[in-house]
Structure formats: structure tokens, C-alpha cells
Amino acid sequence: MTPTITPETPTLSDIIASMRNYAGVAEDCEVTQGHAPVAIRNWIEMLEALSELQAAPAAAGVPELFVQWLEREMPAGTIIGRPAWWAPKLARALRSAERGVLGGCNG
């Protein structure tokens, strides 16, 4: 029986390092110069943000009422196209939830 070699699953930092290397190689290549290195660096930034989110501790003290409201207003996958529009609404909702008076979905 031949032993099976299972490769280790790369960590997020391994993937980011590999992509940095590939972006450097792509920059020096005539064929990929231009958009490819920029796109790769954009993905690197996104992955770095993801690793920061994973490392961040869970928010403590967020009222359950606010969490429920936020889940109704922003189901998973919601894209925030205008953060400036959402910011006051979120701030009002959190203040209301802290007072225990958050009602409905209008914040």
C-alpha cells in the first residue's frame, strides 16, 4: 500500500505572502504588466482586512436588541453602497437599543 501524502492547508498569511510574490513576478512580466498586479494587490488588501477581522475579538456589550434589529435591516450579504447614509441610522439604532426602546425596523 502506497502512503497518501496530504498537503497542509495553507494559512491566510501563507496565501497573502504567495500573492505578494506573484504580484511582484507579474509586475516584471511584459504580458501581465498593468492590470494584473493591481488586481492581485486589491485581493491582498481584501485578504489582509479579512485576517484583521478574524483576529478581532467579538464585540462585547452590544445589546441583543440592536443585533436583532441589524439582522433585519442588513441580512447576510447586504452590500453597503452608501456608508454615509447608514451611519446615522446605525448610531440612532444603537443608542435606542442601549436604552432598551428600539422598536420596529426604522431605528
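Adding 36 to a residue's 1-based position in the sequence shown gives its number in the working numbering. Where is the CB? At the ideal position from N, CA and C, for every residue including glycine. Treat the numbers as computed from the prediction; the structure is a model and nothing was measured.
| query | For glycine 60, does the three-state DSSP call read helix, strand or coil? | reply | Numbered from 1 along the sequence shown, position 24 holds the residue referred to as residue 60. Helix at glycine 60.
| request: Answer yes or no: do isoleucine 52 and isoleucine 80 have a C-beta to C-beta separation smaller than 8 Å? | output: Counting from one through the sequence shown, the residue named residue 52 turns up at place 16. Counting from one through the sequence shown, the residue named residue 80 turns up at place 44. Note that the C-beta distance between isoleucine 52 and isoleucine 80 is below 8 Å.
| said: Could you tell me the alpha carbon to alpha carbon distance between alanine 62 and proline 46, rounded to whole angstroms? | reply: Within the sequence shown, the letter at position 26 stands for residue 62. Within the sequence shown, the letter at position 10 stands for residue 46. Their Cα atoms are separated by approximately 22 Å.
| In or out: alanine 129 buried (at least 16 other Cβ within 10 Å) or exposed? | For the purposes of this step, residue 129 is identified with residue 93 of the sequence shown, where counting begins at 1. With 16 or more other Cβ atoms within 10 Å, it is buried.
| said: How far does the alpha helix (DSSP H) with arginine 118 in it extend, from its first residue to its last? | reply: The sequence position of residue 118 within the sequence shown is 82, counting from 1. First-last for arginine 118: undefined, no H or E at that position.
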